[in-house]
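Take the sequence shown: its position 21, counting from 1, is numbered 123 in the numbering used here, and each next residue is one higher. Every residue gets a Cβ at the ideal spot worked out from N, C-alpha and C, and that includes glycine. Scroll down for the structure; my scribbles are underneath it.
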Amino acid sequence: MKKLVGSICALATPFRGDALDLAAFGALIDYQLAGGTRALVVAGSTGEAHALSEAEFDRALAFALERVAGRVPVLAGTGTANTRKTIVASRRAQAIGADAALVVTPYYVRPTQEGLFRHFSAIADEAGLPVVLYNVPSRTGCDMLPETAARLAGHERIVGLKEARADGERIAAIVALKRPDFAVLSGDDGTCAQAMLGGADGVISVAANVAPAAMAALCEAALTGNVARARDLDKKLTELYALLGAEPNPIPVKWCLHELGLGLPEPRLPLTGFSPVYHERARQVLGALGLAAVQPRHSGVA
Numbered sequence: 103m104k105k106l107v108g109s110i111c112a113l114a115t116p117f118r119g120d121a122l123d124l125a126a127f128g129a130l131i132d133y134q135l136a137g138g139t140r141a142l143v144v145a146g147s148t149g150e151a152h153a154l155s156e157a158e159f160d161r162a163l164a165f166a167l168e169r170v171a172g173r174v175p176v177l178a179g180t181g182t183a184n185t186r187k188t189i190v191a192s193r194r195a196q197a198i199g200a201d202a203a204l205v206v207t208p209y210y211v212r213p214t215q216e217g218l219f220r221h222f223s224a225i226a227d228e229a230g231l232p233v234v235l236y237n238v239p240s241r242t243g244c245d246m247l248p249e250t251a252a253r254l255a256g257h258e259r260i261v262g263l264k265e266a267r268a269d270g271e272r273i274a275a276i277v278a279l280k281r282p283d284f285a286v287l288s289g290d291d292g293t294c295a296q297a298m299l300g301g302a303d304g305v306i307s308v309a310a311n312v313a314p315a316a317m318a319a320l321c322e323a324a325l326t327g328n329v330a331r332a333r334d335l336d337k338k339l340t341e342l343y344a345l346l347g348a349e350p351n352p353i354p355v356k357w358c359l360h361e362l363g364l365g366l367p368e369p370r371l372p373l374t375g376f377s378p379v380y381h382e383r384a385r386q387v388l389g390a391l392g393l394a395a396v397q398p399r400h401s402g403v404a
């Protein structure tokens, strides 16, 4: 697999009733490819992996791979709180055809740094797929330190790190890990421009669901050293970043996608729909970015 760079979308998963809405999912994938997204993540946290059955995970991944048809890499979110379960999920993703596994640090159990090293090493040894590490302590209660990531970066099947801690010290520490066969990726839209201008290779983005062309342009500017344009584009996207953080992800992004005709707005319980108090603000943000319906809202019926 080629090194991951640029704007990578952590896809939302559209539902209709108790089923996957594959028509809406296909339209969302097409929207990403047309907008310049460089890779896709299926069944990450934005994709409500926690709410998918094994059969739904398999179907969504297989569908995405068929739709993409090799045009960009497709990563599968396979991380769980248990090493063996993660290996099994990653092997299923490999059998379906995923290009890599995005593996989050084990949530809730809070392993030590040595435990994290052994966990990811075992997965890389046995899963059969290239592994992208994912550190998001605000969600997992577990922070993989740069020193641990550096140890893991030497494994031939560990090909990147998605780092969602947004402080400048952490960004600088992870950028130091960058090398030709190891991608350093921001996991925070609000600071991704800063990270890329500081040397990161790209971003795994929530905002790209809604504004793929704008996120792709931001990444292109930052990665080619066009600082003024990168900062200008980042400033224009600031309100979108804030909106998508107004309630837990992916509640706001699914509502915004509904406004664009890309699926129904409700996530699965225990997540609930986007609070009406934000709706007018959301419409203003989408309008200011020139984002209009990709297709009528009733579309997506399988």
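What separation, rounded to the nearest whole angstrom, lies between the Cα atoms of residue i and residue j?
i    : j    : result
C294 : E368 : 27 Å
R331 : K338 : 11 Å
G256 : P282 : 12 Å
L345 : A125 : 26 Å
F219 : V379 : 44 Å
L279 : A141 : 21 Å
R173 : A136 : 11 Å
S377 : A348 : 9 Å
A324 : I110 : 14 Å
V329 : A316 : 15 Å
P239 : E265 : 9 Å
G181 : A171 : 24 Å
R259 : L231 : 7 Å
H400 : N311 : Interpretation of H400 is limited by its pLDDT of 48, a score under 50 that renders its predicted location unreliable; no figure is taken from the coordinates.
N184 : T242 : 13 Å
V176 : S192 : 13 Å
Do residue j and residue i count as a contact pair if the criterion is CB distance below 8 Å?
i    : j    : result
V286 : L320 : no
R161 : L122 : yes
P248 : I273 : no
Q196 : A229 : yes
V205 : L235 : yes
A200 : V233 : no
K104 : D303 : no
I353 : L373 : yes
A112 : V308 : yes
G149 : T115 : yes
R118 : L366 : yes
G292 : Y209 : no
M246 : T214 : no
Which residues in the same chain as residue i place their Cβ atom closer than 7 Å to its Cβ, once the five residues preceding and following it in sequence are excluded?
i    : result
V396 : A129, Y133, L362, G363 and L364
E158 : L122
A251 : L235, L263, I276 and L279
C358 : V312, A384 and L388
F284 : A255, V261 and G262
Looking only at DSSP bridge pairs, what is residue i linked to?
i    : result
N237 : E265
L204 : G179 and V234
F117 : L122
V286 : L263
V143 : A112 and L177
V305 : S109 and S288
R281 : F284
Keeping to the same chain, check which residues put their C-beta closer than 8 Å to that of residue i; ignore five residues upstream and five downstream.
i    : result
I189 : A224, I225, E228 and A229
I198 : D160, L163, A164, L167 and A178
4 or more residues per run - each alpha helix (DSSP H) lying fully within the stretch 333-379: You should have 353-361.
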